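Engineer: Taken in sequence, the protein lines are chains A and B. The numbers in this note's numbering rise by one with no breaks, and the one at position 109 of the first sequence is 109. The numbers in this note's numbering rise by one with no breaks, and the one at position 119 of the second sequence is 254.
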Amino acid sequence: MKKTMIVLALIAGTSLYGKTVDAYINQLAAEAKQQNSAFQGFSAQRGKDIYFSKHIGKRGKEVSCASCHTDNLRQGGENIFTGKKIKPLSPSVNPKRFTDVKKVKKWLRRNFKDVYKREGTAQEKGDVLLFMRSN
Amino acid sequence: MKTITYTLTLAAALLAGNMLYADDERYERGKPYMTETGKAATLYKTECGACHMAYQPEFLPKRSWKKMMQTLENHFKTDATLEKEEYATIQAYLLRNASDAKPVFGDIGKIGRKIPADQTPLRISETPYFKKEHREIPKRMILQKEVKSIANCAACHTKAEQGNYSEHTIFIPNYGKWDD
Chain A
1 MKKTMIVLAL IAGTSLYGKT VDAYINQLAA EAKQQNSAFQ GFSAQRGKDI YFSKHIGKRG
61 KEVSCASCHT DNLRQGGENI FTGKKIKPLS PSVNPKRFTD VKKVKKWLRR NFKDVYKREG
121 TAQEKGDVLL FMRSN
Chain B
136 MKTITYTLTL AAALLAGNML YADDERYERG KPYMTETGKA ATLYKTECGA CHMAYQPEFL
196 PKRSWKKMMQ TLENHFKTDA TLEKEEYATI QAYLLRNASD AKPVFGDIGK IGRKIPADQT
256 PLRISETPYF KKEHREIPKR MILQKEVKSI ANCAACHTKA EQGNYSEHTI FIPNYGKWDD
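1) Could you tell me the distance, in whole angstroms, from the CA atom of residue 306(B) to the CA atom of residue 39(A)?
2) Please report the residue range of the alpha helix (DSSP H) in which residue 176(B) lies.
3) Determine, using beta-carbon pairs with one atom in the region 252-271 of chain B and one in the region 105-123 of chain A, whether at least three such pairs fall under 8 Å.
4) Residue 273(B) lies in the alpha helix (DSSP H); which residues open and close that run?
5) How would you write the range of the alpha helix (DSSP H) that residue 212(B) sits in, first residue to last?
6) Leaving aside the five residues before and after residue 80(A) along the sequence, list all residues of the same chain whose C-beta is less than 7 Å from its C-beta, in chain order.
7) Under 7 Å, Cβ to Cβ, is there at least one residue of chain B near residue 82(A)?
8) Which runs of the alpha helix (DSSP H), 4 residues or longer, sit entirely within the region 205-267 of chain B?
9) For the region 266-286 of chain B, which residues have a CB atom closer than 9 Å to at least one CB atom of chain A, in sequence order?
10) Give me the Cα-Cα distance between residue 234(B) and residue 110(A), rounded to the nearest whole angstrom.
11) Which whole-angstrom value is the C-beta distance of residue 263(B) and residue 282(B), which I expect to be below 8 Å?
12) By the three-class DSSP mapping on this structure, what secondary structure does residue 123(A) have?
13) Does DSSP put residue 187(B) in a helix, a strand or coil?
14) Along the region 296-310 of chain B, what residues have a CB closer than 9 Å to any CB found in chain A?
15) Can you grab the Cα-Cα spacing for the pair residue 294(B) / residue 246(B), in whole Å?
16) Check the Cβ-Cβ distances between residue 242(B) and every residue of chain A, and say whether any is below 7 Å.
17) Whole angstroms is fine: what's the gap from residue 288(B)'s alpha carbon to residue 172(B)'s?
18) According to DSSP, is residue 311(B) part of a helix, a strand, or is it coil?
19) Which word fits residue 125(A), buried or exposed, when buried means at least 16 other C-beta atoms lie within 10 angstroms of its C-beta?
20) Output the distance between the C-alpha atoms of residue 180(B) and residue 37(A), rounded to the nearest integer angstrom.
21) Tell me, please, whether the CB atom of residue 94(A) is closer than 7 Å to any CB atom in chain B?
22) Determine, using beta carbons only, whether residue 54(A) comes closer than 7 Å to chain B.
23) Kindly indicate if chain A contains any beta-carbon less than 7 Å away from that of residue 186(B).
24) Would you mind telling me which residues of chain B sit closer than 9 Å to residue 59(A), beta carbon to beta carbon, in chain order?
25) For residue 56(A), collect the residues of the same chain with a Cβ closer than 6 Å to its Cβ; drop the 5 residues on either side in sequence, then sort them by chain order.
26) To the nearest whole angstrom, what separates the beta carbons of residue 42(A) and residue 127(A), a pair I think is in contact under 8 Å?
27) Please confirm whether residue 133(A) and residue 98(A) have their CB atoms less than 7 Å apart.
28) In terms of alpha-carbon separation, which member of 200(B), 267(B) and 280(B) lies closest to residue 226(B)?
29) Does any CB atom of chain B fall closer than 7 Å to the CB of residue 110(A)?
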């Protein structure tokens, strides 16, 4: 019984560890490498392009990430459709950003669909995350 | 034992008295019947309230919330999909607090009761009583940048998040108080 508990605790421990944002980024890197053998690591410059490039989004309006999150990641933004305020993306002014992997995954999934009308690839997600975390 | 029974009876009586009083007060002041707090309510507010005001579930009937939750991939033209666990908690919360799941008093209650039985609205702003109450508001006041849309309750209803839509809490940006 005791042994089972220890094993269970260990499993829980490892899966918790696997849930950190850094671990998620490593996982994205592995996926990116698998999809493209020439992958050399994530690029903040490519991430910047992803962040600022404009697309006809899900609502039929031309938008980029910056439409709601603004050009300055250290500033708060606003959902341009609902008016709801958005806290800054930059961890330098909003330390809680990119600490909850569940949230990170959820918003990458949703916002890629809103702006690009498709899911982001592993490389795109890693690139834009690197850009947002370092600005 | 006797003392315990006595204490329990007294406690129950006090509790019942309090509840009655609270109900009366809520009804008289035209306040909505807002009961549920706790984990599910908080989850609803953080998840759905991340993009827009977390509209009180008492506004719409169960059939509307069911449809809403089935169409989150294209939620008013936005992706609002949830993880499985959150989905289940939020759906259950919405259904047990829907307009037709319990008595709902006040302005919120009126909105729910006046929805025709053969309709399944997704927008609260398209329900009959909502439209009636907002019919005199000029478009420019709604479209101005401080408000953006009729769905942005809290832009003018300063206590909307607490479920209070009474007239004296209204303050329209660049206009002021609203008197009917």
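For glycine and all other residues, C-beta sits at the position ideal for the given N, C-alpha and C. Nothing here was measured: the structure is a model prediction, and the numbers come from that model.
Structural biologist: Based on what the coordinates show:
1) On the second sequence, residue 306(B) is found 171 positions in, with the first residue counted as 1. On the first sequence, residue 39(A) is found 39 positions in, with the first residue counted as 1. One C-alpha to the other measures close to 55 Å.
2) Locating residue 176(B) in the second sequence gives position 41, counting from the first residue. Taken as a continuous stretch (DSSP letters only), the alpha helix (DSSP H) holding residue 176(B) covers 174-183.
3) no
4) Translated into positions along the second sequence, residue 273(B) becomes position 138. That residue, residue 273(B), is in no alpha helix (DSSP H); it is neither H nor E in DSSP.
5) Translated into positions along the second sequence, residue 212(B) becomes position 77. Neither: residue 212(B) is in no alpha helix (DSSP H) and is coded neither H nor E.
6) Here residue 80(A) refers to the residue found at position 80 of the first sequence. If we look at residue 80(A) and ignore the five residues flanking it on each side, its Cβ neighbours are 67 and 68.
7) Walking along the first sequence from the start, residue 82(A) turns up at place 82. Taking Cβ atoms only, chain B reaches closer than 7 Å to residue 82(A), which makes this a yes.
8) 219-231 and 241-248
9) 280, 281, 282, 283, 284 and 286
10) Counting from one through the second sequence, the residue named residue 234(B) turns up at place 99. Counting from one through the first sequence, the residue named residue 110(A) turns up at place 110. Cα to Cα, the separation comes out at about 29 Å.
11) Sequence index remark: in the second sequence, residue 263(B) carries index 128 (1-based). Sequence index remark: in the second sequence, residue 282(B) carries index 147 (1-based). At roughly 22 Å, the Cβ-Cβ gap does not stay under 8 Å, so residue 263(B) and residue 282(B) are not in contact.
12) Counting from one through the first sequence, the residue named residue 123(A) turns up at place 123. If DSSP states are grouped into helix, strand and coil, residue 123(A) belongs with the helices.
13) For this step, residue 187(B) is matched to residue 52 along the second sequence. The answer is coil: DSSP assigns residue 187(B) none of H, G, I, E or B.
14) none
15) Counting from 1 along the second sequence, the entry for residue 294(B) is found at position 159. Counting from 1 along the second sequence, the entry for residue 246(B) is found at position 111. Rounded to whole angstroms, residue 294(B) to residue 246(B) spans 17 Å at the Cα level.
16) Position 107 of the second sequence, counted from the first residue, corresponds to residue 242(B). No, no contact with chain A.
17) Residue 288(B) sits at position 153 when you count from the first residue of the second sequence. Residue 172(B) sits at position 37 when you count from the first residue of the second sequence. Distance between the alpha carbons of residue 288(B) and residue 172(B): 21 Å.
18) If you number the second sequence from 1, residue 311(B) lands on position 176. Three-state result, residue 311(B): strand.
19) Within the first sequence, numbered from 1, the residue matching residue 125(A) stands at position 125. Result: buried.
20) One-based indexing of the second sequence puts residue 180(B) at position 45. One-based indexing of the first sequence puts residue 37(A) at position 37. Distance between the alpha carbons of residue 180(B) and residue 37(A) is about 43 Å.
21) Position 94 of the first sequence holds residue 94(A). No, no contact with chain B.
22) Along the first sequence, read from residue 1 onward, the residue named residue 54(A) stands at position 54. Taking Cβ atoms only, chain B never reaches closer than 7 Å to residue 54(A), which makes this a no.
23) The residue labelled residue 186(B) in the question sits at position 51 within the second sequence. It does; some Cβ of chain A falls within 7 Å.
24) The residue you call residue 59(A) lines up with position 59 of the first sequence. Near residue 59(A) (Cβ distances below 9 Å), the residues of chain B are 211, 212 and 213.
25) Along the first sequence, one-based indexing puts residue 56(A) at 56. If we look at residue 56(A) and ignore the five residues flanking it on each side, its Cβ neighbours are 62.
26) Numbered from 1 along the first sequence, position 42 holds the residue referred to as residue 42(A). Numbered from 1 along the first sequence, position 127 holds the residue referred to as residue 127(A). That belief holds up - the Cβ atoms of residue 42(A) and residue 127(A) are roughly 5 Å apart, short of 8 Å.
27) What you label residue 133(A) is simply residue 133 of the first sequence in a count that begins at 1. What you label residue 98(A) is simply residue 98 of the first sequence in a count that begins at 1. Going by C-beta atoms, residue 133(A) is nearer than 7 Å to residue 98(A).
28) Stepping through the second sequence from its first residue, residue 226(B) is reached at position 91. Cα-wise, what sits closest to residue 226(B) is 200(B).
29) Along the first sequence, one-based indexing puts residue 110(A) at 110. Yes - at least one Cβ of chain B is within 7 Å of the one on residue 110(A).
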